[in-house]
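One line per chain: the protein sequences are A and B, in this order. For the first sequence, position 31 (counting from the first letter as 1) is numbered 31 according to my numbering, and the numbering increases by one without interruption. For the second sequence, position 23 (counting from the first letter as 1) is numbered 1023 according to my numbering, and the numbering increases by one without interruption. Glycine included, C-beta positions come from ideal geometry on N, C-alpha and C. Here is the structure we will look at.
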Amino acid sequence: MSASTAQVSKTRTRYSATQWVKLDAQGVYYKDLNREIRSLALKGARRFEIRNVFGQRYLGTNLWGIEDRDKIQIRVYGTPGSDMGAFMDGPMIEVFGNAQDATGNTMNCGKVVIHGSAGDVLGYGMRGGEIYVRGNVGYRVGIHMKEYMDKIPTVVIGGNMQDFFGEYMAGGRIIVLNKFFEDNPPVRQSYFIGTGMHGGAIFIRGDVDLNQIGAEVGVEDPTDSEWKAIEKYVHNFCRVFDLEAKKAKLLKRHKFTKLFAKSSRPYGRLYAY
Amino acid sequence: MKDLSKVNNPYNDEKVISQCSIFGMMNTAGDPVSGKDIITAISNMHDRGNGLGGGFAIYGCYPERSDDYCLQIMFDTKVSQEDTEVYLKRFFHINLSEEIPTFPMKAIKNPPDVWRYFVQPKVEEMHEIISEDDAVTRRVFRINTRIDGAYVFSSGKNMGVFKGVGFPEEIAEYFGLEDYLGYIWTAHGRFPTNTQGWWGGAHPFSLLDWTVVHNGEISSYGANRRFLEMYDYVCTMHTDTEVVAYAVDLLARRHGLAIETVMDIFSPPVWEQIDRMDQKERRYFEAIRSTYGPLLLNGPFAIIVAHHGEMVAHTDRIRLRPMVAGIQGDMVYASSEESAIRLVSPELERVWIPVGGHPVIARLKDVPDHDVVEGGRELEKGEKVEVYPTC
Chain A
1 MSASTAQVSK TRTRYSATQW VKLDAQGVYY KDLNREIRSL ALKGARRFEI RNVFGQRYLG
61 TNLWGIEDRD KIQIRVYGTP GSDMGAFMDG PMIEVFGNAQ DATGNTMNCG KVVIHGSAGD
121 VLGYGMRGGE IYVRGNVGYR VGIHMKEYMD KIPTVVIGGN MQDFFGEYMA GGRIIVLNKF
181 FEDNPPVRQS YFIGTGMHGG AIFIRGDVDL NQIGAEVGVE DPTDSEWKAI EKYVHNFCRV
241 FDLEAKKAKL LKRHKFTKLF AKSSRPYGRL YAY
Chain B
1001 MKDLSKVNNP YNDEKVISQC SIFGMMNTAG DPVSGKDIIT AISNMHDRGN GLGGGFAIYG
1061 CYPERSDDYC LQIMFDTKVS QEDTEVYLKR FFHINLSEEI PTFPMKAIKN PPDVWRYFVQ
1121 PKVEEMHEII SEDDAVTRRV FRINTRIDGA YVFSSGKNMG VFKGVGFPEE IAEYFGLEDY
1181 LGYIWTAHGR FPTNTQGWWG GAHPFSLLDW TVVHNGEISS YGANRRFLEM YDYVCTMHTD
1241 TEVVAYAVDL LARRHGLAIE TVMDIFSPPV WEQIDRMDQK ERRYFEAIRS TYGPLLLNGP
1301 FAIIVAHHGE MVAHTDRIRL RPMVAGIQGD MVYASSEESA IRLVSPELER VWIPVGGHPV
1361 IARLKDVPDH DVVEGGRELE KGEKVEVYPT C
């Protein structure tokens, strides 16, 4: 790869924004791969198809400051490394495979689509953009997610999640289409949902037992405006994963439970005298 | 206290944001596989470590001497080796002793001498000791505590631990591990957090044929160590993982508990969850938490424990360290990152993230039990598993 990197930087070729630039990541160190993507993007390339990805980290991170970066599309074939889309500001990453941990860490803007499952701490400290996961997710997904005015990060999960979901969540919305894989139920329920939650909302398709949720979490039905948002993002979910036929089945309002923070400062008085 | 002048940190890393890497693979049919795959896999997670420790455990690597205990011992000095050999000759019949072949390289700095001794305990020297295993463990602790500069890396039959200061792929090259064969392999890339990087402190940690590789931090080390000291286990390696190896030996070998129970002792559910269980299950957990409370492992950890016939991937009950399991044909994999498994086995029948505190146990197929279990029950084919084809 180092040889081809050198070639690319020597040539003055401009790339068209519609051309799919193909990269082979086999054996390429993550820093070299990300540098290559950035250097190609600076030459006008906007569409990337990366094959043989095995654990390269921070994909999509170093595209800050590039003009039209919200038009950048990266297709990843394989298993991308941890912190994919960390601090990402605009591009879209589509993964044909499973993602590892900390996807969308502190992501600001853009979109991540994962056709398989994802690992732990997806959406860690996320402050904008959208993440769609077709399969299941690991522990502590949505931890420390936040929102500000119209910047509301959104995560949609097709399968189910493991424990500490939405831990310390301060904003944003997560939609779980739980039991979407009806023939593939989870081994066990998840617990400690929303522990330490003080903002944002979690919408779960299905019932939630009170012993599954943290002490700071309230349970009610989604409001009309929230339902509109759910409809919009489930519609997007079905579109990106080509599941239009399942949409009606997924969008039954009475099946959704909303989890919210009972207080924006649950422990505000804990150390006050 | 022993002299730890061999401790070195040639990199002088003040702060590196990283974490350990662990990888394990087992052929459940018992067929030997070479070290090539695991070296490829663990070196793909190079960035998780910082070159201050790497190591491998291999099971089934000495089939021609499978009845002898193989003591693999590191020596800081010639004197420590002479002292050790005098001690060994008194208590063991030494059937073969040799220096473990190495391939010196620039990256491996100041390596100690590492030798292996194929031995049988002398019955006439066992006196009140009731089993050969106990005789071996007693001598191992005596060497570790009393002979300056000598540390036993492993002491099981037909298995060996190879470890040192360096990245795991460098340690593999140094010991030429690609040419070894084994049906279980575990590997570790170290990022030391609380203690020095030194040869004895690299993983795997081992006693008899038990080995442990570990990512995380056993916060309960002090409590665990004090409990184990009452059963004659002396911690000498200056790192927390050591207690796991000795605890497994105590619980599984000496107390005869099933490996599932051992893992439940390490990471039982919280009391709040136990209160909601049915009576039978609740009494089980109440009993193990009352009896073996001091062996509860607190803090974040992901471990791969192995001994002949079994490989166990396990995490703490709230899963603060990553673990991915995968199955393809007879092979069972456990890894810190899925990409490392995919690199050596692009196609996987099943790949999943195990629930925290629920061990994934791979067993030899001829053992009359399930070959892979999770959380005490067998996985159905295709259950809870998202498989995505790679291109």
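Taking C-beta pairs closer than 8 Å, name the residues in chain A that residue i reaches, listed in chain order.
i: residue 1080/B; result: Within 8 Å Cβ-Cβ: nothing; residue 1080/B doesn't reach chain A, min ~40 Å.
i: residue 1044/B; result: 54, 55
i: residue 1356/B; result: 139, 162, 163
Can you tell which of the options has the C-alpha that lies nearest to the C-alpha of residue i?
i: residue 1329/B; options: 1020/B, 1028/B, 1019/B; result: 1028/B
i: residue 1150/B; options: 1191/B, 1199/B, 1124/B; result: 1199/B
i: residue 1303/B; options: 1113/B, 1277/B, 1313/B; result: 1313/B
i: residue 211/A; options: 1275/B, 1160/B, 1205/B, 1264/B; result: 1275/B
i: residue 39/A; options: 54/A, 63/A, 159/A; result: 63/A
i: residue 1190/B; options: 1205/B, 1168/B, 1107/B, 1038/B; result: 1168/B
i: residue 1336/B; options: 1208/B, 1308/B, 1353/B, 1069/B; result: 1353/B
i: residue 87/A; options: 262/A, 122/A, 162/A; result: 122/A
i: residue 1185/B; options: 1338/B, 1134/B, 1039/B; result: 1039/B
i: residue 109/A; options: 31/A, 29/A, 90/A; result: 90/A
i: residue 249/A; options: 32/A, 29/A, 235/A, 76/A; result: 235/A
i: residue 1261/B; options: 1243/B, 1285/B, 1277/B; result: 1285/B
Would you report the Cα separation of residue i and residue j, rounded to the nearest angstrom?
i: residue 1093/B; j: residue 1084/B; result: 14 Å
i: residue 217/A; j: residue 149/A; result: 22 Å
i: residue 1105/B; j: residue 1164/B; result: 13 Å
i: residue 1347/B; j: residue 1024/B; result: 17 Å
i: residue 1269/B; j: residue 13/A; result: 60 Å
i: residue 229/A; j: residue 173/A; result: 9 Å
i: residue 1258/B; j: residue 1265/B; result: 11 Å
i: residue 1210/B; j: residue 1074/B; result: 18 Å
i: residue 256/A; j: residue 242/A; result: 22 Å
i: residue 1115/B; j: residue 1099/B; result: 4 Å
i: residue 252/A; j: residue 231/A; result: 10 Å
i: residue 1095/B; j: residue 1063/B; result: 15 Å
i: residue 1097/B; j: residue 1203/B; result: 23 Å
i: residue 240/A; j: residue 200/A; result: 24 Å
i: residue 44/A; j: residue 244/A; result: 34 Å
i: residue 191/A; j: residue 213/A; result: 6 Å
i: residue 18/A; j: residue 73/A; result: 10 Å
i: residue 1079/B; j: residue 1148/B; result: 9 Å
i: residue 1222/B; j: residue 1243/B; result: 9 Å
For residue i and chain B, any beta-carbon pair shorter than 8 Å?
i: residue 34/A; result: no
i: residue 163/A; result: yes
i: residue 138/A; result: yes
i: residue 100/A; result: yes
Within 8 Å (strictly less), CB to CB, does residue i reach chain A?
i: residue 1177/B; result: no
i: residue 1370/B; result: Because the pLDDT at residue 1370/B is just 48, under 50, the model does not fix this residue reliably, and the value given afterwards should be weighed accordingly. Chain A, which has no Cβ nearer than 8 Å to the Cβ of residue 1370/B, makes this no.
i: residue 1172/B; result: no
i: residue 1343/B; result: yes
i: residue 1351/B; result: yes
i: residue 1318/B; result: yes
Along chain A, which residues have their Cβ under 7 Å away from the Cβ of residue i?
i: residue 1217/B; result: Within chain A, no residue comes near residue 1217/B; the closest Cβ sits about 17 Å away, beyond 7 Å.
i: residue 1322/B; result: 101, 119, 120
i: residue 1338/B; result: 79, 98, 100
So with CB distances below 8 Å, who are the chain B contacts of residue i?
i: residue 178/A; result: In chain order: nothing, as chain B lies at least about 13 Å away.
For a contact defined as C-beta to C-beta under 7 Å, what are the partners of residue i on chain B?
i: residue 211/A; result: 1276
Which chain A residues sit within Cβ distance under 9 Å of residue i?
i: residue 1282/B; result: Those within 9 Å of residue 1282/B in chain A number zero; the least Cβ separation is about 15 Å.
**Q.** Every unbroken alpha helix (DSSP H) inside the segment 1044-1096 of chain B [4 residues or more]
**A.** 1078-1091
Q) Counting only runs that start and end within the segment 121-206 of chain A, where is the beta strand (DSSP E) found for 3 or more residues in a row? A) 130-133, 154-157, 170-176, 199-205
Q | Segments of 4+ residues assigned as alpha helix (DSSP H) that fall wholly inside the segment 1273-1352 of chain B | A | 1279-1291, 1338-1344
(Q) Ignoring anything shorter than 3 residues, give me the beta strand (DSSP E) runs that lie fully in the segment 198-258 of chain A, in order along the chain. (A) 199-205, 217-220
Q: Note down, one range per segment and in chain order, each alpha helix (DSSP H) of at least 4 residues found wholly within the segment 1167-1197 of chain B.
A: 1168-1175
Q) Which runs of the alpha helix (DSSP H), 4 residues or longer, sit entirely within the segment 1083-1157 of chain B? A) 1132-1146
Q: Ignoring anything shorter than 4 residues or poking outside the segment 1203-1239 of chain B, list the alpha helix (DSSP H) runs there in chain order.
A: 1221-1229
Q.
To test your reading of the DSSP string, which unbroken beta strand (DSSP E) runs of 3 or more residues are found completely within the segment 3-82 of chain A?
A. 20-24, 47-54, 73-79
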